[in-house]
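Taking it in order: structure first as structure tokens, then the write-up.
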Amino acid sequence: MSKPRILVARVIFPEVIAKLEQHFEVEHNQADEAWPRERLLAKLQGKAGVFTTGGERIDGELLAACPSLKIAANMAVGFNNFDLPAMTAAGVLGTNTPDVLTETTADFGFALLMATARRVTESEHYLRAGKWQKWAYDMFAGSDVHGSTLGILGMGRIGQGIARRGAHGFGMKVIYHNRSRLPAEQEAACKARYVSKEELLRTADHLVLVLPYSAQSHHAIAAAELAQMKPTANLINIARGGIVDDAALAQALRDKRIAAAGLDVYEGEPKLHPDLLTVPNVVLTPHIASATVPTRKAMAQLAADNLIGFLVHGKPLTPLNPD
Ligand code: DGY
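Those letters in the sequence shown? Residues 50 to 372, per the working numbering, in order.
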């Protein structure tokens with residue numbers, strides 16, 4: 050019997066390709082860049098599954114053009130590249146990679162928070178530019194992390210990981226806002242107190258965004274929200290671009306409406322709003338929150354196991370829209 054045909058849309062670990070090849074006839078994009086949409090659609094003809102990496106939009110148009118498709122397995126916990134209702138209507142399964150990246154991503158959220166609060170990259174650029182000539186009482190004086198108030202918007206697994214680090218590691222007061230309040234034992238485990246979004250904005254010294262992107266969370270942080278934050282506050286976005294209005298944020302940073310920001314994700318990435326590149330008080334990283342070698346391997350393995358589980362054994366591991 051011939052093996053099902055699948056497409057791997059980006060370069061991934063060779064050992065994961067080798068594993069997929071045991072079960073499938075695999076076509077693998079080996080160029081180090083995404084295929085343009087037309088090429089992706091052409092490549093998907095006759096394929097039962099696609100391994101996606103978060104950038105490939107699986108929507109009604111693609112599904113209509115690719116009737117053989119049965120599953121799209123995302124190597125990411127976020128799945129805002131999937132039009133899930135359209136996939137469900139077309140009988141196409143979506144899967145993602147939860148859990149395996151939780152602690153790594155929470156580590157990075159904290160790294161970005163620390164770098165932002167303590168002006169790590171700004172001071173490094175100064176040093177590399179040969180500008181360090183003397184001591185000054187206020188040179189790169191930032192904000193304290195220990196004992197401060199950590200605000201978290203979106204309290205899923207990653208948000209709770211950040212809360213635990215803040216409460217137990219740095220003695221921070223943790224407040225959060227989420228669509229629904231956590232059960233009491235989960236709040237106790239990360240010493241977090243539920244507050245309104247208004248209180249979160251008004252009182253956080255460091256506000257970390259960890260909520261999923263959706264039409265409802267589009268520009269959840271825009272000019273009006275930034276105006277409610279303390280002028281000494283830092284904003285950290287490791288969730289998705291589009292949750293923050295980047296133009297409004299650049300303006301708030303320029304006007305010192307807030308102290309600083311740390312961003313790993315951007316609306317329209319990999320392009321950045323040009324104003325973000327010209328303000329000094331922002332730490333910018335290229336969507337790397339889950340990027341450690343073990344975690345990226347675990348994510349790729351889980352996406353592959355979802356394809357194998359579903360197309361070979363009829364049972365995906367982490368389905369988003371099961372029957
Ligand atoms: C995710 O898994 O959603 C992260 O953003 C990495 O892509």
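C-beta atoms are modelled at their ideal positions from N, C-alpha and C, and glycine is treated no differently. On a predicted model such as this, the values are computed, not experimentally measured, just so you know.
{"Item": "Does at least one heavy atom of the ligand DGY sit under 7 Å from the Cβ of Ala125?", "Value": "yes"}
{"Item": "Relative to the alpha-carbon of Tyr225, which residue among Ile55, Arg213 and Glu70 has its alpha-carbon at the smallest distance?", "Value": "Arg213"}
{"Item": "Run the CB neighbour count on Gly179, radius 10 Å, all protein chains shown included, and call it buried at 16 or more, exposed below.", "Value": "exposed"}
{"Item": "So if DSSP puts Phe73 in a beta bridge, which residue, or which two residues, is it bridged to?", "Value": "Answer is none; Phe73 lacks a bridge partner."}
{"Item": "From Met124 to Ala352, what does the alpha carbon distance come to, in whole angstroms?", "Value": "5 Å"}
{"Item": "Does the distance from the CB of Asn370 to the CB of Ala122 come in under 8 Å?", "Value": "no"}
{"Item": "Buried or exposed: which applies to Leu298, given that a residue is buried once 16 or more other Cβ atoms fall within 10 Å of its Cβ?", "Value": "buried"}
{"Item": "Report the three-state DSSP secondary structure of Asn355 (helix, strand or coil).", "Value": "helix"}
{"Item": "Could you spell out the range, first to last residue, of the beta strand (DSSP E) harbouring Tyr186?", "Value": "Note, Tyr186: premise wrong, no beta strand (DSSP E); not H, not E."}
{"Item": "How far does the alpha helix (DSSP H) with His174 in it extend, from its first residue to its last?", "Value": "Val169 to Arg177"}
{"Item": "Excluding five sequence neighbours on each side, which residues of the same chain lie with their C-beta closer than 6 Å to the C-beta of Glu234?", "Value": "none"}
{"Item": "Identify, in the order they occur along the chain, each residue of the same chain with its Cβ nearer than 6 Å to the Cβ of Ala347, setting aside the five sequence neighbours on each side.", "Value": "Val149"}
{"Item": "Kindly indicate which three-state DSSP category Gly205 falls into: helix, strand or coil?", "Value": "coil"}
{"Item": "Is there contact here, the region 308-316 with the region 277-290, by at least three beta-carbon pairs under 8 Å?", "Value": "yes"}
{"Item": "In three-state terms, what does DSSP make of Arg306?", "Value": "coil"}
{"Item": "Going by C-alpha distance, which of Asp108, Arg303 and Met221 is nearest Ala139?", "Value": "Asp108"}
{"Item": "On the three-state DSSP scale, how would you describe Ala122?", "Value": "strand"}
{"Item": "Any heavy atom of the ligand DGY closer than 7 Å to the beta-carbon of Ser339?", "Value": "yes"}
{"Item": "I'd like to check one pair, His195 with Gly220: are the Cβ atoms closer than 8 Å?", "Value": "yes"}
{"Item": "Please report the distance separating the alpha-carbon of Leu326 from that of Phe73.", "Value": "44 Å"}
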